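Engineer: Shown below is the structure under consideration.
Number of protein chains: 2
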Amino acid sequence: MIDDINFLLVGNSRLHWAENLQSKYKFFHTQKNNNVPQNINLNNLIWASVGKLPDLSLKQENRISTQDIKLKNLPNHFGVDRALGCLEALKIIENPSRKDLLVADFGTTLSITKLTAKGSIIGGQITPGFLTQLRSMEKYTDNLKAPKKYDIPVQDFLINTEDSMLKGVSNSLMGVINLSFNPAKDILIVCGGDSELIGSLLKQKKEEIIISPNLVMQGMITHFNH
Amino acid sequence: MIDDINFLLVGNSRLHWAENLQSKYKFFHTQKNNNVPQNINLNNLIWASVGKLPDLSLKQENRISTQDIKLKNLPNHFGVDRALGCLEALKIIENPSRKDLLVADFGTTLSITKLTAKGSIIGGQITPGFLTQLRSMEKYTDNLKAPKKYDIPVQDFLINTEDSMLKGVSNSLMGVINLSFNPAKDILIVCGGDSELIGSLLKQKKEEIIISPNLVMQGMITHFNH
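Okay, here's the thing in structure tokens:
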């Protein structure tokens, strides 16, 4: 491991950083228009991108692209974040019964990617993520406003409009998982910015699932160090 | 029934019309910036709205609002479309075992509204609808484009990006229903522009559900005639 190498994933909504603190990494997120964080040297910054590039002098030779990731049947058009998440899931998941892995990344979109225990990509699904769904209702309707607080109601049927939206959106994300995840055959790993919010709801209903918010950033480090 | 009375619901994305053809109604939809359809006289047009009003001379005294609809525990802030759908569901559904009714309106949003057999509103959920979800992924990401064709893949896990989006979005909508609909206790009625697309998928998995695309417009006619 090279000491002063840091990592950046340019997402659709935010910048995701892994700062090398010698013995371990600190993961954090910034807005796209923020300045480069302290202690981050752009010359030694390994980066990847799925979103619009920020106004930073990122070195092209330090870029990781989907084509660089060693997974079987990985299509070049898959986002590099999906590839990195799969790579890391293969590395960290104990999988003695050789189940398929289902990686669910709760970000701007929810991307679900299924792969075999041998690391061969099967395919996936993509839906709008938690905030994207809430914002879309504000954008495409005349009367709805995206809630500012994200307390998911326990009750199933709500009277208050914001509660109804929060419950609907969390059910839509959980519902996609329910239709894709077969615990008898798959191991589910959830990652991304909303993985703790939705993952904790999933855990209430499902047997073991693995919540690993920084899976993709860890995958970048893993890829770089091998 | 008064012969030359026609009906309009101003939705978020489109205008929904019921044209009185003496013995029955013709239901059709137009874009918001289209001209008034032939044979529609604005003076005799009964209307309701949940979206931005089009540039038409709609008569205020011909407007139906949520407050006008006779349902128990109906909150004034509920969209009039939800109220009208519930009113019509109560009228048309044979319900000898007095189950609750679950009205799912697949439009710009998917609104789910649950009410008792006696017509008392319990509450609901709201998520982005089929097209809203597809459009939101184009809007809030850098690389995704909303598909132009809407053939929902049969396979669960897809390699092609548009297929992955279509499967993800249809699973998200079906998933919300799965989490809300208990066939032992509820009767599910689906309506709205995408009710046939998603309803046919739901029918493959679920016992009896009722697909009634024009439920809300029929509710307007029912409300007016009583």
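First to last, the sequence lines map onto chains A and B. Under the numbering used here, the first sequence has 125 at position 59, and the numbering climbs by one with no breaks. Under the numbering used here, the second sequence has 246 at position 180, and the numbering climbs by one with no breaks. Think of the CB as a built atom: it goes at the ideal place given N, C-alpha and C, for glycine as much as any other residue. Fair warning: this is a prediction, and the values are worked out from it, not measured in the lab.
#1: Which bits of chain B does T174 (chain A) rub up against, with CB to CB less than 7 Å?
#2: Report all residues from its chain with a CB closer than 7 Å to the CB of D229 (chain B); omit the five preceding and five following residues, and keep chain order.
#3: For F290 (chain B), would you say it is in contact with chain A, using Cβ-to-Cβ distances shorter than 8 Å as the test?
#4: Using CA atoms only, rank isn't needed, just tell me which of A:P120, A:A149, A:K118 is closest to T288 (chain A).
#5: If you run the structure through DSSP and keep just helix, strand and coil, what is K92 (chain A)?
#6: Counting only runs that start and end within the stretch 171-252 of chain B, where is the alpha helix (DSSP H) found for 4 or more residues in a row?
#7: Measuring straight from C-alpha to C-alpha, what distance separates I264 (chain B) and I71 (chain A)?
#8: With 16 as the cutoff for other CB atoms within 10 Å, does M67 (chain B) come out buried or exposed?
#9: Give every residue of the same chain whose Cβ lies closer than 6 Å to the Cβ of L124 (chain B), excluding the five residues on either side of it in the sequence, and list them in chain order.
#10: Buried or exposed for P237 (chain A), going by 16 or more other Cβ atoms inside 10 Å?
#11: List the residues of chain A that S266 (chain B) touches, going by C-beta distances under 7 Å, in chain order.
#12: If we define contact as Cβ-Cβ less than 8 Å, is T96 (chain A) a contact residue for chain B?
#13: Which residues in chain B sit within 8 Å of K233 (chain A), going by Cβ to Cβ distance?
#14: From the DSSP output, read off the bridge partner residues of Q284 (chain B).
#15: Helix, strand or coil: how does DSSP classify E154 (chain A) here?
#16: I'd like to check one pair, I159 (chain B) with L168 (chain B): are the Cβ atoms closer than 8 Å?
#17: Tell me which residues of the stretch 242-267 of chain B have at least one Cβ-Cβ distance to chain A shorter than 8 Å, keeping chain order.
#18: Do you know how far the Cα of Q221 (chain A) is from the Cα of P120 (chain B)?
#19: Give me, in chain order, the residues of the same chain whose beta-carbon lies closer than 6 Å to that of I276 (chain B); leave out the 5 immediate sequence neighbours on both sides.
#20: Could you give the residue range of the beta strand (DSSP E) that holds I112 (chain A)?
#21: Answer yes or no: do I253 (chain B) and K165 (chain B) have a C-beta to C-beta separation smaller than 8 Å?
#22: For G117 (chain A), which residues in chain B fall below 9 Å Cβ to Cβ?
#23: Alpha carbon to alpha carbon, what distance is there between A84 (chain A) and K157 (chain A)?
#24: Please decide whether T182 (chain B) counts as near chain A, where near means a Cβ-Cβ distance under 8 Å.
#25: So, V242 (chain B) versus G151 (chain B), is the Cβ gap smaller than 8 Å?
#26: For the beta strand (DSSP E) containing V76 (chain A), list its first residue and its last residue.
#27: Start and end of the beta strand (DSSP E) containing R80 (chain A)?
Structural biologist: In short:
#1: Y206, T207
#2: P219
#3: no
#4: A:A149
#5: strand
#6: 196-206, 227-246
#7: 49 Å
#8: Note on M67 (chain B): pLDDT 44, under 50, position unreliable in the model; the coordinate value appears next. It is exposed - the Cβ of M67 (chain B) has fewer than 16 other Cβ atoms within 10 Å.
#9: W113
#10: A quick correction: the sequence has Asn, not Pro, at residue 237 (chain A). Buried is the call here.
#11: Ordered by position in chain A, no residue passes the 7 Å Cβ test against S266 (chain B), which lies about 16 Å from the chain.
#12: no
#13: Q191
#14: Bridge partners of Q284 (chain B): none, in fact.
#15: helix
#16: no
#17: V242, I243, N244, L245, S246
#18: 37 Å
#19: I255
#20: 111-115
#21: yes
#22: T207, D208, N209
#23: 18 Å
#24: no
#25: no
#26: 72-76
#27: 80-87
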